Every structure is written in structure tokens, then in C-alpha cells.
Amino acid sequence: KATQDPEFAWGIVGSGVADADLAIRAQHSAPTAALGAAGLASASRNIEVATARISELVHSLRAYSRPETELEEHVDVHVTIDDTLHLLSHRLRDVEVVREFGVLPEITARPSQLGQVWTNIIVNALDALGGPGQIEITTSAPDEHTVRVVIADNGPGIPPDVLPRIFEPRFSTKKGTVRYGLGLGMGISRRIVEEHGGTLTAQSEPGCTEMTVTLPVAGPTKEEE
Numbered sequence: 727k728a729t730q731d732p733e734f735a736w737g738i739v740g741s742g743v744a745d746a747d748l749a750i751r752a753q754h755s756a757p758t759a760a761l762g763a764a765g766l767a768s769a770s771r772n773i774e775v776a777t778a779r780i781s782e783l784v785h786s787l788r789a790y791s792r793p794e795t796e797l798e799e800h801v802d803v804h805v806t807i808d809d810t811l812h813l814l815s816h817r818l819r820d821v822e823v824v825r826e827f828g829v830l831p832e833i834t835a836r837p838s839q840l841g842q843v844w845t846n847i848i849v850n851a852l853d854a855l856g857g858p859g860q861i862e863i864t865t866s867a868p869d870e871h872t873v874r875v876v877i878a879d880n881g882p883g884i885p886p887d888v889l890p891r892i893f894e895p896r897f898s899t900k901k902g903t904v905r906y907g908l909g910l911g912m913g914i915s916r917r918i919v920e921e922h923g924g925t926l927t928a929q930s931e932p933g934c935t936e937m938t939v940t941l942p943v944a945g946p947t948k949e950e951e
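Residue numbers for the sequence shown follow the numbering used here, so the first one is 727 and each next one is one higher.
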């Protein structure tokens with residue numbers, strides 16, 4: 727059974743354990759590595775507890791690939807964003823986060839899956855920055871039926887030949903070097919957004935990469951569900 731604590735999974739993703747395969751490897755690694763992956767690097771915790779929590783993580787991440795396992799509800803988008811920023815606070819210490827929040831209606835959505843989308847986008851932005859920088863999150867309601875979230879970073883940008891491919895599963899260079907989007911769920915994020923009836927698009931140039939999410943206020947249609 728998947729964990730009922732999606733925040734734990736978001737936090738572990740933000741820590742760098744971004745998919746089930748990596749979590750499984752961590753589960754069988756040295757005790758200190760397992761403890762670090764689970765966020766339990768404390769002398770008062772033992773390896774049995776760490777292993778149990780990583781096992782829970784594996785189930786959580788697998789549950790994320792099955793959107794139907796979470797029920798839709800009325801969601802405050804700003805709360806899901808703020809929760810994600812809180813969970814990633816350990817990685818945001820050297821980054822200026824600018825919130826430009828507009829007035830939004832509640833939407834019909836699956837909150838933990840929105841959290842996964844924000845986590846994946848922000849973690850990719852942090853990796854692109856590679857250190858101090860700025861992430862700006864802007865929200866708006868273009869009309870009464872739609873909300874929009876734009877997450878931008880001032881990193882080096884995504885090369886034009888790479889940009890069209892960042893939503894491909896397991897995208898890598900010919901040499902296998904990890905590239906933007908690999909393992910951090912950009913393809914999964916787009917799928918989640920589309921299953922909510924929305925869109926996820928990217929644009930980038932040196933000094934600015936923007937990920938734009940649009941979501942319908944009413945939630946997905948029957949066909950999209």
C-alpha cells in the first residue's frame with residue numbers, strides 16, 4: 727500500500743532521490759547512505775528505520791505513476807506551492823525565491839500530484855542554477871476558467887537542441903550524461919498536468935528558463951480522467 731504521507735516522497739525527491747530505481751539502490755547501500763537518502767542522518771535512528779522509510783518511499787513514487795490512486799478535491803494552488811517550497815527549503819538556502827502570487831480561485835485537482843509537478847520543476851531549476859540564483863514563481867488567472875503558474879530561473883538556460891526533448895523519458899546525451907529532465911520527472915509532470923486537463927510548456931534562453939503550467943479551474947473532463 728502506498729504511503730499516506732506524500733510530503734515525505736516530495737521531500738526525498740527534492741533531496742535527489744528522484745525515482746524508484748534510485749531509492750531501491752539506496753535501500754541496499756551502506757547504512758550512512760541509506761540514512762542520508764531518507765533524511766534520517768541522526769545517531770538516534772537505526773538502519774532498520776531507514777530501510778522501512780525508503781521502502782515506503784519506493785511505494786510512494788510508484789503510486790505517483792498511477793494518478794487514479796488519488797481523489798480529486800478543491801485545492802488552493804498557492805498552498806501546494808508553499809508546501810513544496812517548505813519541503814525543498816534545505817536546497818533553497820542560497821537561492822532567492824520571488825513569489826508573485828495573484829488572486830486565484832480554488833481548483834479541482836489532486837493536491838499531492840500538483841506537489842510533484844512543482845517539485846520536479848523547482849528541482850530541475852535548482853540543478854540548472856548549480857548554486858546561488860533566483861527562482862521566480864508567478865501565478866495568475868487569465869480568465870475565470872483557468873489558472874496559470876510560471877516558474878522561472880535565471881540559470882544558464884537550456885540549449886535549443888535540448889529544449890524540445892526535456893519531456894522525453896530518460897533523456898540523456900549519447901555518452902549517457904544526465905541532462906535537464908532526466909530522472910526528475912519532467913515527462914511525468916507533463917502527463918500529470920495533461921491528465922488534469924492542463925498544459926505544461928517550456929521556453930528558455932541564456933539567463934532565463936520558464937516552465938508554464940495552465941490548469942482548468944473545473945478539473946479534468948471525463949475523457950481526460
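A virtual CB, placed ideally from N, CA and C, is assigned to each residue, including glycine.
These numbers come from a predicted model, not from an experiment.
For Glu-799, the enclosing beta strand (DSSP E) starts and ends at 799 to 801. Take Ala-867, set aside five residues on each side of it, and the residues of its chain with a beta-carbon closer than 6 Å to its own are Leu-830, Val-873, in chain order. Between Thr-865 and Leu-814, the C-beta gap is not smaller than 9 Å, which leaves the two residues out of contact. Straight through space, the alpha carbons of Glu-936 and Gln-929 are spaced by roughly 5 Å. Around the CB of Pro-837, 16 or more other CB atoms lie within 10 Å, so the residue is classed as buried. Annotation for Val-824: Glu-862 place their beta carbon closer than 6 Å to its own, counting only its chain and skipping 5 residues before and after. Per DSSP, reduced to three states, the secondary structure at Thr-947 is coil, with no helix or strand assignment. Scanning its chain for C-beta atoms nearer than 7 Å, with the 5 sequence neighbours on each side dropped, one finds around Gly-924 the residues Val-939, Thr-940, Leu-941, Pro-942, in chain order. For Asp-853, the enclosing alpha helix (DSSP H) starts and ends at 837 to 855. Taking 9 Å as the cut-off, the Cβ atoms of Glu-921 and Pro-885 do not count as close. Straight across, the Cα-Cα distance linking Ile-914 with His-816 is about 24 Å. Across the structure, Gln-860 and Ala-854 are spaced so that their CA atoms are roughly 11 Å apart.
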